[in-house]
Structure formats: C-alpha cells, structure tokens
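Working notes, structure below.
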C-alpha cells in the first residue's frame, strides 16, 4: 500500500523515569470522561474528590494541575466546581475542578484536516452524565499560588506535597501573532499550547493566548510552565543542549515554495519521557544533559514519507528539522548493492528521486512484486520505508484500487501510520474494460445523506508533475478538465444518485489512454484518484500524502494482461 512507512525499533528512548509528570493530563485521562453537558438530577451534595498523585510536578508561581477523580463510593453525587486547598501558612486558595478527556483523532468531519492535529487531543469536558462513565472520569484541580510558595497543600484530609520546580523567566518582547497552517500548533488544544510558549521563547516574543475558557487556559499554562522550567534547568548547565532540544520540540522546515511546515516530534510517550527527564530533581543536571545528548544522537534525524512511486523511479520527501546539513544513504533491501547518497539542507524539505533495482528476466525489466523496502541511513541510524510494487496489473473483472486514505498528519508521518477515510465517506474505484473501452467505476458514500454539490472525484492522468489531463467528476455528472483541451477532452461520465451515496462511470477514449501511458511503455496507464469536498481532500486511492501537499499519488497500471474478452462477460456489471 502506498504511503505506509514502516518504523523499525530504535535505541532512541530517553533513559530515566517514564511517565508520571503529566499522568493526570496526558496518559491516565480516560476517553470515557467525555459526556453530555449537564449532571443527573441528584441531591445537591458535593462529592469527595480523590487525589491521584500526591506528588505532582509544579512550577512555583505558575498554575498547578493536581490529578483527581470522583470517589468511587460517591459516583451518584455531584462533583464540586471548585474546592478549597489549605496551605502550610494557614491560608487557603480556591482551585477550579476541570474534567479532561483524550480521544483518538478520527477527524470529526471530512472537512477537518490539520497537519499538526494531535493523535489524542486533550480537552476540558463536562462531567459525564452516564453513571457507567463516571467511574472512569479523570480531572485536575487547577490553582495558581503566590510567587515563592513551595510548601504542601491539603484537600480535606489528603496531603499533597508537590515536587516544586523553579520557574523560567517570564516571556518578554512583542506578541507572537496567532497563526494557522501546517507550520503552527493548534491554539484550541490545551495539551499542545506549550509549543506556542517554546516557539515564542525561541523568537524572543510572548505567546498568543490559549483558546477556551478559564479551565482550558490554566491546563495549557500549567503544561507550558513545566516545559519552560525543565528547559531552563538544563540551559543553566548546557545552553547548547537546551537550544537543540527546544528546536526539536518546535522545529519547522520549509518547502521548495518557502511554506513553513511543522516537523517537531509528536509521540506522547517520547514527549513524556523527555519532560520527566527534564524535571527529575533526583538526577544531577550534568547527568540529565548527558542523557539528552545521548537521546539526540541516537534518534533518526530526518522525517521521511513517500510522494509517488509509479514505474522504475520513486520519489520520497525528506525533511531535516536539525540545524545541520544531513547526508542520507538510500538503498533498496532487494537487489541493490550500490546505495544512493543525498544531502538535505537544514530546515528544508527536499524531494529525492530513486531508481528501483532492475529485475532480470521480466517483461520489459518490470516485475509486479510485493511491496518493497527502502533503507535510509543517516548518522549511523537507520529507518525503513515501505513502498508498493513497481506497477499494478488490471485483469478481468477489473482492478480495484486500494482503500482511500485520509490525508497524512505530522504524527502519522513520524509513526508511519495511515488512517482510512471516515467510513461514512468511503470511496471505492475499479478500473475495467467494457465493450472495448476503458472506464473507471466509482462509488462514493456521502455521509448518510444525499450528495453535496461540492462533493467530487478527481482523476489524474499522466506523469505526477505533468498530467495530460485532470478530470473532476461532480455528483450531477458534470465534468471539468485541466488542461481544458476543448474537443480533445477524451472522457465522458454518467452518474446515479442515491439517498446516501452516488456512483459514477468515467469512460476514457483510447486516445486519452495512449497519451497517459508511461514514456516508452505502451499498454500502460499513469493514474491517480482522490476524493474532494470543496477545496478539502478527504481521501486518496491507496495513498496518503500530507494535508498541505496538493499532489495526487500516481500509479503505473499494466493494461496488456486484460486480453481479448467478449463484452457479454461483463453484462452483470453496473
């Protein structure tokens, strides 16, 4: 399948304590905490809240977040909105109660696609209404204490002794404008706003305000304070190591057109391991610095993903988020004794073309093999990329293209994962020959409702960067072409509408098929297919490309194996 990048195990995990820093914020928050707004009609008796971590990390003078849950014996009672925390000096402070949820990112609608979207975004949610969900609900107490306070806290009879950390200096300078696009973190996700704070630090500016209500903002600021304090702790020992790590956490690369694209690390376990190490007061700072340098040296420095792979030459993208030029060696696992070298400049995204190995004894030197593996080596560290075979073969009754995949996010690019399109908007496509003419049969689900006018299917014919025809099919059967071509358009379509889907048959003239063949390879077809909704791409046939990449992956299809068959053998086809 196109776009699957296989990550092999690496020795790049940070030694030292794992997890624990944000246990109540990022890891132990139950997805079941999300519920309907409002509370069951119960007597107005405030329930007891149990503290889940009596020793949370906290930054002096900054918001503190203390993980809590509702006492299991009082699940039918109402949790309080605020509680009083008693301090060692006899005073008290009011803490807000916030209930949190993480949910695996499944894109709530096909119109929503963000390169920097979190795989498991953290949200402040109402306390669940359903009794079955109350036992798994997790939350935090949020409070901001006076500058310099480093004592204990008490919630009723529960003692909380935070692991206090000295704060970093307040942000200063001009305001960093809030921006959107593939180069910037989301503002509406409190679990990810800390990147705005680190970006502002690297630019000498003040971060934009986090979105949401008071609770969301306090959650965002508490996490950001931990990251800033941890990096500041390391910077006092080794400014260079702190700067290198900060760059990795907020790195951006630029495309050939100069567009900034985020390339920072995204794995939640990896991030929690780094933060645990930064805040571990039991570890000497010098040892922390050495551990961080080991981590930075042991990880594969480049972000890689496939771009297109038709025929004997494939194209991959390599992003270099480091501040140094990187030399990468590229070699096929199968029958490729001589590697290819490429140089990727710092802060750039570069596309590299690599020839496939030639297989002897096959027709025209081509082999319809299984997926092949490309080995990338940089600085002695290896990564592997899995690619589809050189070409596809169409035989009766037709070639069904693989599942339509949603556009790739940054987290998926790092993990080598792919996500199929929302099943309510699934698309299937079959290339076949009927009555002597090649045609593409397509079925498009439309979200459980009649097809929208902006729905459509785009068919790319020809080379990836130089198509001879781009055809867009609308549910009403209308076609648009680019380039236009007047009477040489070479295609016609018919569509059928249903209450929850639409079907289309795109008939292609033989002259168009011949023009879309790979150079020097007659009886082939270069084709790519994607589903669009307005200006948004919601699925690509058998491929996944970044949401900011306008190109469609193209496949080489071998047509010569169809053979001469009677048109009557396809009578049952729609």
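In the numbering used here, the protein residues as written are 354 to 927.
Yeah, the Cβ is synthetic: ideal placement off N, Cα and C, and Gly gets one too.
Go through its chain and collect everything with a Cβ distance to residue i's Cβ below 6 angstroms, but skip five positions before and after it.
i, result
"residue 725", "687, 740"
"residue 362", "Below a pLDDT of 50, predicted positions are generally treated as unreliable, and residue 362, at 33, falls in that range; no measurement from the model is reported."
"residue 858", "792, 794, 847"
"residue 862", "843"
"residue 668", "660, 661, 704, 706"
"residue 317", "Since the displayed the chain opens at 354 and closes at 927, residue 317 lies outside it and no answer follows."
"residue 617", "602, 603, 604"
"residue 573", "543, 546, 563"
"residue 856", "796, 849"
"residue 520", "412, 413, 414, 415, 582"
"residue 833", "825"
Which residue marks the beginning of the alpha helix (DSSP H) containing residue i, and which one marks its end?
i, result
"residue 583", "567–588"
"residue 484", "484–487"
"residue 794", "First-last for residue 794: 790–798, but that is the beta strand (DSSP E), not the alpha helix (DSSP H)."
"residue 626", "621–632"
"residue 592", "592–602"
"residue 650", "638–651"
"residue 429", "It is not in any alpha helix (DSSP H) - residue 429 carries neither H nor E in the DSSP assignment."
"residue 547", "547–556"
"residue 765", "763–768"
Could you give the residue range of the beta strand (DSSP E) that holds residue i?
i, result
"residue 445", "445–455"
"residue 492", "491–497"
"residue 437", "435–440"
"residue 820", "819–826"
"residue 685", "679–685"
"residue 511", "511–513"
"residue 832", "832–835"
"residue 658", "656–661"
"residue 703", "702–708"
"residue 405", "Looking at the DSSP string, residue 405 is not in any beta strand (DSSP E), and its letter there is neither H nor E."
"residue 848", "844–850"
"residue 606", "605–607"
"residue 808", "808–816"
"residue 506", "506–508"
"residue 785", "780–787"
"residue 617", "No beta strand (DSSP E) contains residue 617, which DSSP labels as neither H nor E."
"residue 517", "516–518"
"residue 420", "416–423"
"residue 672", "666–672"
"residue 694", "693–697"
"residue 475", "475–478"
Sorted by chain position, which residues of the same chain lie with C-beta nearer than 8 angstroms to residue i's C-beta, five sequence neighbours on each side aside?
i, result
"residue 589", "638"
"residue 809", "825, 826, 827, 828, 884, 885, 886"
"residue 434", "449, 450"
"residue 595", "584, 585, 587, 588"
"residue 565", "477, 541, 543, 573"
Sorted by chain position, which residues of the same chain lie with C-beta nearer than 7 angstroms to residue i's C-beta, five sequence neighbours on each side aside?
i, result
"residue 679", "654, 655, 673, 697, 731"
"residue 531", "540, 561"
"residue 517", "411, 413, 503"
"residue 369", "Confidence at residue 369 is low in this model, with a pLDDT of 33, below 50, so its placement is unreliable and no value can be given for it."
"residue 445", "437, 438, 439"
"residue 924", "Low local confidence applies: a pLDDT of 31 at residue 924 is under 50, so the model's placement there is unreliable, and no value is given."
"residue 423", "400, 402, 432, 487, 490"
"residue 912", "747, 876, 877, 878"
"residue 910", "744, 745, 747, 752, 784, 877, 878, 880"
For the putative contact between residue i and residue j, defined by C-beta atoms under 8 angstroms, what is the C-beta separation to the nearest angstrom?
i, j, result
"residue 451", "residue 493", "5 angstroms"
"residue 614", "residue 535", "5 angstroms"
"residue 762", "residue 900", "7 angstroms"
"residue 699", "residue 675", "6 angstroms"
"residue 806", "residue 850", "Not confirmed; about 12 angstroms, so no contact."
"residue 571", "residue 495", "4 angstroms"
"residue 342", "residue 777", "Outside the displayed range of the chain (354 to 927) lies residue 342, so it cannot be described from this structure."
"residue 822", "residue 830", "About 18 angstroms; that fails the 8 angstroms criterion."
"residue 537", "residue 472", "Not confirmed; about 18 angstroms, so no contact."
"residue 407", "residue 559", "Wrong, their Cβ atoms sit about 34 angstroms apart, outside the cutoff."
"residue 896", "residue 906", "4 angstroms"
Could I get the ranges of all uninterrupted beta strand (DSSP E) runs contained in the segment 730–758, with 3 residues as the minimum, in chain order?
-> For the segment 730–758, whole beta strand (DSSP E) runs of length 3 or above, ordered along the chain, are 734–740.
Can you list the alpha helix (DSSP H) stretches of 4 or more residues lying completely in the segment 860–925, in chain order?
-> Secondary structure remark: continuous alpha helix (DSSP H) runs of at least 4 residues inside the segment 860–925, in chain order: 863–868.
Taking contact to mean at least 3 C-beta pairs separated by less than 8 angstroms, is the segment 648–667 in contact with the segment 865–879?
-> Cβ pair count under 8 angstroms is three or more, so yes.
If you pair each beta-carbon of the segment 516–527 with each one of the segment 423–438, do three or more pairs fall below 8 angstroms?
-> Fewer than three pairs of CB atoms, one per stretch, sit closer than 8 angstroms, so the segment 516–527 makes no contact with the segment 423–438.
Touching by the beta-carbon criterion (3+ pairs, under 8 angstroms), the segment 781–800 and the segment 733–752 = Yes, they touch.
Does the segment 543–550 touch the segment 566–584, meaning 3 or more C-beta pairs lie closer than 8 angstroms?
-> A contact exists between the segment 566–584 and the segment 543–550.
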